[in-house]
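All remarks here apply to the structure that follows.
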Amino acid sequence: MIDMSMSYLGLQLAGPIVVSSTPLSDAVDNVRHMEDAGASAIVLSSLFEEQLALEANQLDDDLSRGTESFAEALDYLPDLNNYRMTHEVYLEHLRKAREAVKIPVLASLNGVTPGGWVRFAKEMEQAGASAIELNTYALATDKSLTSEHMENQLVALVSSVCSSVKIPVAVKLSQNFSSLPHLAARLEEVGAKGLVLFNRFYQPDFDIETLEVRPTLHFSTPAELLTRLHWTAILYGNVKADIAITGGVHSAEDVLKSVMAGGSVAMMVSALHIHGIDHIGRVLADVRYWLEKHEYASLGQARGCLSRRSAPDIAPFDRGNYIRTLNSYSLRQTVTAF
Ligand SMILES: Cc1cc2nc3c(=O)[nH]c(=O)nc-3n(C[C@H](O)[C@H](O)[C@H](O)COP(=O)(O)O)c2cc1C
486 MIDMSMSYLG LQLAGPIVVS STPLSDAVDN VRHMEDAGAS AIVLSSLFEE
536 QLALEANQLD DDLSRGTESF AEALDYLPDL NNYRMTHEVY LEHLRKAREA
586 VKIPVLASLN GVTPGGWVRF AKEMEQAGAS AIELNTYALA TDKSLTSEHM
636 ENQLVALVSS VCSSVKIPVA VKLSQNFSSL PHLAARLEEV GAKGLVLFNR
686 FYQPDFDIET LEVRPTLHFS TPAELLTRLH WTAILYGNVK ADIAITGGVH
736 SAEDVLKSVM AGGSVAMMVS ALHIHGIDHI GRVLADVRYW LEKHEYASLG
786 QARGCLSRRS APDIAPFDRG NYIRTLNSYS LRQTVTAF
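Mapping to my numbering: the sequence shown position 271 is 756, numbers consecutive.
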């Protein structure tokens with residue numbers, strides 16, 4: 486039997502598939518179902534900074550600080566109230582989920598500004614979270630905000646969460662940074678044990694008839710995986726932090742690519758919403774079959790074999806690939822002559 490075990494954030498996992506943050510795991514029955522299907526860990530849906538501020542009746546104070554994220558939050562906070570659990574319900578759910586399964590259950594905190602809300606990380610730890618995933622979805626819409634300011638804010642937030650708990654913290658990042666390797670090193674310095682690549686941005690769509698701008702949520706496609714593979718392959722071996730890939734993992738091939746790029750785990754959400762939770766078991770069986778067919782002794786043996794550090798040719802990861810790709814296309818066009 487192939488050894489499929491992987492280590493992520495110091496947690497020994499039986500396999501490579503982790504369920505990323507999704508409301509599917511808001512039901513304990515689903516959490517059990519995920520474990521039965523073969524998930525090796527589960528990240529619960531997020532508790533939001535804005536929601537915690539609202540609960541603490543601090544919204545006015547926070548708004549008077551003038552932070553942009555809170556001003557924007559005004560529009561969606563009513564929805565947030567209907568959709569999300571209060572922090573007490575969240576912590577109770579976390580406790581129940583931990584009792585229901587043997588696999589690690591990670592709590593998810595979602596916010597951008599370092600502040601009092603960070604203390605909920607401690608509460609998550611006390612409620613039994615195996616680790617914390619910190620989702621840092623921030624958007625700079627004000628021209629006075631420099632990239633340095635955005636990065637400093639992120640590093641300060643990660644630092645304050647890491648120093649408030651003993652359990653490992655993974656940071657779910659967006660891909661919009663000028664120098665991701667440098668930022669990754671800074672996050673590691675302040676205590677991050679894992680990087681989760683990447684947040685999906687849910688851009689609003691425009692209705693040209695009603696002139697409305699509407700929130701949209703589309704499930705991912707495997708095409709989104711490429712940018713995650715690229716950055717994982719670049720970071721692997723450059724940072725000590727474990728890397729989790731989220732975004733576009735749908736099949737066994739996607740899981741294998743994620744591990745070969747250097748990922749410790751491949752996370753799934755859209756595929757489970759589309760095919761059901763049992764999809765995890767089918768994908769794991771396909772991964773195992775592929776490894777056996779290619780005579781691997783373990784999945785770990787494949788880890789990082791296509792990273793920038795290990796690949797026989799590093800050109801595909803760098804600017805040379807960009808030029809080569811564009812050139813190959815124009816050559817084809819000339820031959821086709823339409
Ligand atoms: C309905 C839905 C709810 C989500 N809620 C959260 C959330 O609360 N916190 C979070 O960090 N990510 C959340 N995500 C993002 C997923 O965890 C995941 O990163 C993203 O969907 C990309 O993975 P996928 O391609 O497997 O779907 C959500 C995604 C979906 C589809």
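Where is the CB? At the ideal position from N, CA and C, for every residue including glycine. Predicted model, so just to flag it, every value in this text is computed and none were measured.
Nonlocal neighbours in the same chain, by C-beta distance under 6 angstroms from residue i, ignoring five residues either side
i, result
"leucine 811", "none"
"alanine 756", "His735 and His764"
"arginine 794", "Gly722"
"arginine 788", "Val744"
"proline 508", "Ser530"
"glutamate 520", "Val586 and Ile588"
"valine 754", "Ser505 and Thr507"
Where residue i sits in the DSSP three-state scheme
i, result
"isoleucine 808", "helix"
"glutamate 618", "strand"
"aspartate 771", "helix"
"leucine 548", "Confidence is the limiting factor: at leucine 548 the pLDDT is only 49, short of 50, which leaves the residue's position unreliable, though a coordinate-based value still follows. Of the three classes helix, strand and coil, the one that applies to leucine 548 here is helix, per DSSP."
"phenylalanine 605", "helix"
"serine 659", "coil"
"arginine 699", "strand"
"methionine 635", "helix"
"valine 675", "coil"
"valine 640", "helix"
"leucine 493", "The identity of residue 493 in the sequence shown is tyrosine, whereas the question assumes leucine. Three-state result, tyrosine 493: strand."
"leucine 624", "coil"
"aspartate 763", "coil"
"isoleucine 719", "helix"
"leucine 509", "helix"
"aspartate 488", "strand"
"proline 563", "The pLDDT assigned to proline 563 is 49, lower than 50, so where the model puts this residue is not dependable, and the model offers no usable value."
"valine 586", "coil"
"phenylalanine 704", "coil"
"serine 530", "strand"
"threonine 571", "coil"
"aspartate 803", "coil"
"threonine 712", "helix"
"alanine 726", "coil"
"aspartate 690", "strand"
"alanine 541", "coil"
"leucine 682", "strand"
Supposed close pair residue i, residue j - CB separation, criterion 8 angstroms
i, j, result
"alanine 524", "isoleucine 588", "6 angstroms"
"alanine 726", "glutamate 673", "5 angstroms"
"tyrosine 493", "valine 744", "That belief does not hold up - the Cβ atoms of tyrosine 493 and valine 744 are roughly 11 angstroms apart, past 8 angstroms."
"alanine 800", "leucine 720", "Contact doesn't hold; Cβ gap of about 18 angstroms is too wide."
"serine 464", "leucine 594", "This structure gives no information on residue 464, because the portion of the chain shown stretches from 486 to 823."
"glutamate 697", "threonine 598", "Not quite, the Cβ-Cβ distance comes to about 29 angstroms (not below 8 angstroms), so this is no contact."
"glycine 500", "leucine 769", "6 angstroms"
"glycine 733", "aspartate 739", "7 angstroms"
"serine 792", "alanine 746", "6 angstroms"
Residues near residue i in its chain [Cβ-Cβ closer than 7 angstroms; skip 5 each side]
i, result
"threonine 571", "Glu540"
"serine 663", "Ser632"
"glycine 551", "Reliability of the predicted coordinates at glycine 551 is poor, the pLDDT of 47 falling under 50, and no value is obtained from them."
"aspartate 690", "Arg699 and Thr701"
"isoleucine 730", "Leu682, Arg713, Thr717, Ser743, Gly748, Ala751 and Met752"
"valine 650", "Ala606, Lys607, Glu610 and Ile617"
"glycine 613", "Leu579, Arg580 and Arg583"
For residue i, the nearest candidate out of the options (CA to CA)
i, options, result
"alanine 708", "Leu696, Gln688 and His735", "His735"
"histidine 667", "Asn723, Leu682 and Gly733", "Asn723"
"serine 510", "Val528, Gly500 and Pro501", "Val528"
"valine 640", "Leu630, Ser649 and Val656", "Val656"
"aspartate 834", "Ala782, Asp798, Arg804 and Trp716", "As shown, the chain starts at 486 and ends at 823. That puts residue 834 outside it, with no answer to give."
"leucine 506", "Phe683, Val675, Ala625 and Glu608", "It should be noted that the sequence gives serine, not leucine, for residue 506. Minimum Cα distance to serine 506 is reached at Phe683."
"asparagine 661", "Val643, Trp716, Thr695 and Leu710", "Trp716"
"glutamine 611", "Ser531, Arg583 and Asp798", "Arg583"
"histidine 518", "Gly766, Tyr814, Ser792 and Glu780", "Gly766"
"valine 603", "Lys581, Gln536 and Val503", "Gln536"
"methionine 491", "Tyr575, Asp798, Ser813 and Ile728", "Ile728"
"histidine 703", "Gly679, His758 and Ala538", "His758"
"alanine 737", "Leu498, Ile502 and Asp692", "Ile502"
"valine 513", "Cys647, His779, Val574 and Ala538", "Val574"
"lysine 678", "Thr706, Ser648 and Gln688", "Ser648"
"glycine 676", "Glu694, Val643 and Ile693", "Val643"
"leucine 619", "Leu665, Leu680, Gly761 and His634", "Leu680"
"valine 516", "Ala796, Lys778, Glu780 and Gly761", "Gly761"
"leucine 710", "Ser629, Glu577 and Leu741", "Leu741"
"methionine 486", "Leu776, Asp803, Ile808 and Tyr807", "Leu776"
Beta-carbon proximity list for residue i, same chain, < 8 angstroms, skipping 5 on both sides
i, result
"leucine 496", "Ala526, Pro589, Ser615, Ala616 and Pro653"
"serine 659", "Thr621, Tyr622, Ala623, Phe683, Asn684 and Phe686"
"serine 645", "Pro599 and Val603"
"alanine 522", "Ile762, Asp763, His764, Ile765 and Gly766"
9 angstroms Cβ cutoff, residue i in contact with chain C
i, result
"glutamate 694", "The displayed structure is made up of one protein chain only, and chain C is not part of it."
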